[in-house]
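Protein sequences, first through last, are from chains Z and U.
All residue numbers for the first sequence refer to the numbering used here, where the first residue is 109 and numbers rise by one.
All residue numbers for the second sequence refer to the numbering used here, where the first residue is 109 and numbers rise by one.
Yeah, the Cβ is synthetic: ideal placement off N, Cα and C, and Gly gets one too.
There are 2 protein chains.
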Amino acid sequence: MDLPEGAMEEEHAVGTPVLRRLNTASVLRAVRECAPDPIRLAELVKLTGLTRPTVGQAVEDLVEAGWLQHHHPIAASRKGGRPAVRVSLRGRAAPVLGLDVGPHTVSAGIDDLAGRRLAAVRRSVDRNRASRLLTVVDGVIARALEEAGLEADEIAALVVATPGIVDAGSGRILLAPSVPGWTSVNLSDHLRDRFRCPVRVENDANLAALAVARERAGPGTLLAVQWGERLGAGVVIDGRLHRGTGAAGEIGFIRPSGRVPDTDDGRGPLERAIGAEAIAEQARRAAGAHPESALGGGPIDAAAVFAAAAAGDAVAERVVDDVARTFAHAIAPAVLVLAPDAVVIGGGVARAGSVLLTAITRHLADLTLTPPDVGISGLAEDTILTGALSLALDEVWHQLPA
Amino acid sequence: MDLPEGAMEEEHAVGTPVLRRLNTASVLRAVRECAPDPIRLAELVKLTGLTRPTVGQAVEDLVEAGWLQHHHPIAASRKGGRPAVRVSLRGRAAPVLGLDVGPHTVSAGIDDLAGRRLAAVRRSVDRNRASRLLTVVDGVIARALEEAGLEADEIAALVVATPGIVDAGSGRILLAPSVPGWTSVNLSDHLRDRFRCPVRVENDANLAALAVARERAGPGTLLAVQWGERLGAGVVIDGRLHRGTGAAGEIGFIRPSGRVPDTDDGRGPLERAIGAEAIAEQARRAAGAHPESALGGGPIDAAAVFAAAAAGDAVAERVVDDVARTFAHAIAPAVLVLAPDAVVIGGGVARAGSVLLTAITRHLADLTLTPPDVGISGLAEDTILTGALSLALDEVWHQLPA
DNA sequence: GCCGGTTTTGTAAGGACTTTAATAAACCCC
DNA sequence: GGGGTTTATTAAAGTCCTTACAAAACCGGC
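Structure representation (structure tokens):
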């Protein structure tokens, strides 16, 4: 099941045969855009602007190469006429595997070429020993492959989401304070040994950003924040992930203007100031000083603070506003420089909902020239995994001529 | 002198003729890379990987279309053999005009297709009345055209650099606090009436960034700061200008953590804190408190402060360090999010040289994970103009198939 | 001053595409 | 079962690149 040859990005030597490759790719792209639905050949003619014989030839080639499959056992279209030949992506041609090594869970997913989810596995894990983590990763992968009925050889691309900073070239993890020993594990090589396909390791917040950007579709600049215990972000510009020198989006290390608790756990200043735990701590102090607050009624975590604020508790509202102000001031310079269309917040804190959102919006409007839309990610817990799979699919599609 | 047809970005309909267009473009690109020097036909064969008849055909077409010109009156190469036909870009085919409406000067430049400077005009101006500014602009353009011996009709693309925020679509200036009345002048339409070519209005700092990026060449992320009375920046990613929603790079409006003088002249907080005038003012206060400083010896402006600091004056050094710290703290969040390869400083303050540079580098190293190279723009006063011309040339080249 | 050597240009036949156009197939409805 | 409709199939024509060969122009030397 080889990919079409001549996959180089922009080759200049041009003979007649490249025309065929070009048109074949064009047809494949058109089929792809109809996602998992089969498409009539005649429709491809309209979509691609090519003539029927050309499309016919291309489809024939693609079927032979395993990229497309026929759907001919079809009841015809209602309006008379010879029944159309229909084709669709043969998902099995290039399934991709995504992996998310999260704070307390490891999850894996397998998508086929058409974006259908073939497998999804999630396993919680105590992340104290990095070496044991690797075992869990292997287990999750094995389970996912089993669930999808695939062998490792059949996977066409693999993307792993991990916290920390990743070197784009080698795939090595350069910095991962939240997982002791994780930097000394060569995850990339470990996986490359088991899979005969491109393996890419990428920061989790970056992949979450990619997922959010794909959901919004269209061009534009997006700053997608993952906000929980820790704080990260990803930048997506016109659908492409911005990596910079590799550490792009590390907003957790922004130094806010106020005083910041000086823990020594590898977290960045902003995380220590407004991470989920810091929000709870701030609320505890406020509740102590103001016994009249509804916050005093039980154990306090971030969710409780947002709930109380939503219910109108003044003390909680003040805490939320403080958090929002700190956040807005922290990212305002980046917003001014990037001028993103939107800032989307995901992760645990995103569950706060509109209480936090409106406060951030208000403060940002004060600090920026063209305030971006501030929103909350509509994606569920598997945002990161979705992003990883999305990037893996990109990798596969990228092998085709433009 | 029409441009080759079918200039659309990524057209899919493919017949045999596109091959010719593709190859012709390939040849044209190869000629372009040899800049203003003529190139032998046989060399084009090697560079493009095409065969000789193909190259011959393409060159013939390009000469006929006016893009290339022959150089046949040539003494042969020293090593025997039939004398080679040589061709070069016909610069006159598509000259472009760049305009820089600067703080105290208006300048215009004309480059030909090969990047040769055909004209350069600079005129200082009192910018109190925007309507009069327009007259100066017209005058400078007329002078430049005269100098190059061209008519307005012959200009193939025009790019104007202006302070303020520009709407990409309409070319209207949305916000320009430094030029009273400038937003009510429809510069874009005014020029579109006079020129039969694409007219683009762009923020000056953005164009400066483009110029700096072109000088560095290669891929990567660049944050280029223009630092004088005012403070702006541009972001260039892999050679392409990042615009965001349109106001990208407006670092002058970052709010630094300290107290900021509250003038009402439309300048942003960071400009009021560390613009050239603010630096001087800070030094004046310091000199008043410390009569022993060498700064007391004369009128103080920013240049004097940097000179004194370079000479070892402790008071001046402290001022410079303060300025550098404020700057570093202001852009650190943006640097963390973007992870640029380099931060390059241009504009008047850039003349401060290494005194300021090392201080900024030191502070940034403290505040970021992967500190960028901090450098000073090697380009002279016409950085912005160079960027405008560069973008205009892009516009022309962009009309060709890839 | 003529003759190989060398480099390049020019021209003709061959092959690979896409396109146009015309023909055949398959189905619905009446 | 025939008309209408939609689609697939096939053949001829045109365009372009390529391969291969021949011609041109210049150098150096005898």
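Beta-carbon contacts of residue i that lie in its chain and below 8 Å, excluding the five residues immediately before and after
i: ALA276(U); result: ARG351, GLY354
i: ALA496(U); result: GLY206, LEU207, ASP208, GLY217, VAL267, VAL268, ALA269, GLU310, LEU315
i: SER483(U); result: First, the amino acid is wrong: residue 483(U) is Gly here, not Ser. Same-chain partners within the cutoff: ALA450, VAL451, VAL452, ILE453, LEU465.
i: GLY289(U); result: ARG237, ALA238, SER239
i: ILE273(Z); result: ILE281, LEU282, LEU283, ALA284, ASN311, GLY354, ALA355, GLU358
i: GLY336(Z); result: PRO211, GLY383, ALA384, GLY455, GLY456, VAL457
i: ALA395(U); result: SER401, LEU403, GLY404, ILE408, VAL423
i: PRO144(Z); result: SER196, LEU197, GLY199, ALA222, GLY223, ARG224
Contacts that residue i makes with chain Z (C-beta to C-beta distance below 9 Å)
i: LEU485(U); result: Leu is not the amino acid found at residue 485(U); the sequence shown has Ser there. Correct list: empty, because the minimum Cβ distance to chain Z is about 18 Å.
i: THR329(U); result: HIS350, ARG351, GLY352, THR353, ALA356
Contacts that residue i makes with chain Z (C-beta to C-beta distance below 7 Å)
i: ALA442(U); result: PRO441, ALA442, VAL445
i: ALA438(U); result: PRO441
i: LEU339(U); result: What LEU339(U) touches in chain Z: nothing, since even the nearest Cβ is about 11 Å away.
Interface partners of residue i on chain U, CB under 8 Å
i: LEU477(Z); result: ILE273, LEU283, ALA355, GLU358, PHE361
i: SER365(Z); result: SER365
i: LEU127(Z); result: VAL122, THR124, VAL126, LEU127
Neighbourhood of residue i by C-beta distance below 7 Å, restricted to the same chain and skipping five residues each side
i: GLU117(Z); result: Reliability fails at GLU117(Z), whose pLDDT of 36 lies under 50, so the model's placement of it is uncertain and the value that follows must be treated cautiously. Nothing meets the Cβ criterion.
i: MET109(U); result: Below a pLDDT of 50, predicted positions are generally treated as unreliable, and MET109(U), at 35, falls in that range; the measurement from the model is reported next regardless. Closer than 7 Å at Cβ, skipping near neighbours: GLY174, ALA201.
i: VAL428(U); result: VAL413, PHE414, ALA417, VAL463, LEU464, ALA467
i: ARG302(Z); result: ALA260
i: HIS179(Z); result: PRO146, ARG194, VAL195, SER196
i: ALA460(Z); result: PHE414
i: ARG304(Z); result: ASP261
i: THR162(Z); result: ASN131
i: ALA264(Z); result: ALA202, PRO203, VAL204, CYS305, VAL504
Sub-9 Å separation of residue i and residue j beta-carbons
i: HIS212(U); j: SER239(U); result: no
i: ALA227(Z); j: GLU262(Z); result: no
i: GLY376(U); j: ALA356(U); result: no
i: ALA166(U); j: THR124(U); result: no
i: ARG200(Z); j: ARG148(Z); result: no
i: ALA317(U); j: VAL344(U); result: yes
i: LEU176(U); j: ALA202(U); result: no
i: ARG322(U); j: GLU503(U); result: no
i: LEU339(Z); j: VAL287(Z); result: no
i: ALA432(U); j: ALA402(U); result: no
i: LEU446(U); j: ALA436(Z); result: no
i: ARG225(Z); j: ASP169(Z); result: no
i: GLY223(Z); j: LEU501(Z); result: yes
i: ALA410(U); j: ILE439(U); result: no
Where residue i falls, given that 16 or more other Cβ within 10 Å makes a residue buried
i: THR371(U); result: exposed
i: PRO509(U); result: Any reading at PRO509(U) is ruled out, since the residue's pLDDT is 46, under 50, leaving its predicted position unreliable.
i: GLU358(Z); result: buried
i: PRO271(U); result: buried
i: PRO448(Z); result: buried
i: ASP421(U); result: buried
i: GLU172(U); result: exposed
i: THR243(U); result: exposed
i: THR159(Z); result: exposed
Nonlocal neighbours in the same chain, by C-beta distance under 6 Å from residue i, ignoring five residues either side
i: VAL320(U); result: ALA332, VAL452, SER485
i: ILE492(U); result: ASP208, ALA269, ASP312, LEU315, ALA316
i: THR248(U); result: A small correction: the amino acid at residue 248(U) is Val; Thr does not occupy that position in the sequence shown. Excluding positions up to five away in sequence, the list reads VAL214, ALA216, VAL229, ARG231.
i: LEU349(U); result: ASN314, LEU318
i: PHE361(Z); result: GLY376
i: ALA138(U); result: LEU152, LEU155, THR156
i: HIS398(U); result: VAL423
i: PRO369(U); result: ARG380
Contact list for residue i against chain Z, beta-carbon separation under 8 Å
i: ASN131(U); result: VAL122
Interface partners of residue i on chain U, CB under 9 Å
i: SER449(Z); result: With the sequence shown as reference, residue 449(Z) is identified as Asp, and Ser is not the correct amino acid for it. Here the neighbours are GLY352, THR353.
i: SER278(Z); result: By Cβ distance, chain U contributes nothing, its closest Cβ being about 15 Å from SER278(Z), past 9 Å.
Under 7 Å from the C-beta of residue i: neighbouring residues of chain U
i: VAL343(Z); result: VAL445
Exercise. Could you name each continuous beta strand (DSSP E) segment of 3 residues or more that falls completely within the stretch 314–402 of chain U, going from the start of the chain to the end?
Key: Runs of the beta strand (DSSP E) inside the stretch 314–402 of chain U: 329–335, 339–345, 348–350.
Quiz prompt | Contiguous alpha helix (DSSP H) assignments of at least 4 residues, all confined to the stretch 256–322 of chain Z | solution = 295–302
Quiz item: What are the start and end residues of each continuous alpha helix (DSSP H) run of 4 or more residues lying completely inside the stretch 428–486 of chain U, in chain order?
Solution: 462–475
Quiz item: What alpha helix (DSSP H) runs, 4 residues minimum, are completely inside the stretch 193–241 of chain U?
Solution: Fully contained in the stretch 193–241 of chain U is no alpha helix (DSSP H) run of length 4 or more.
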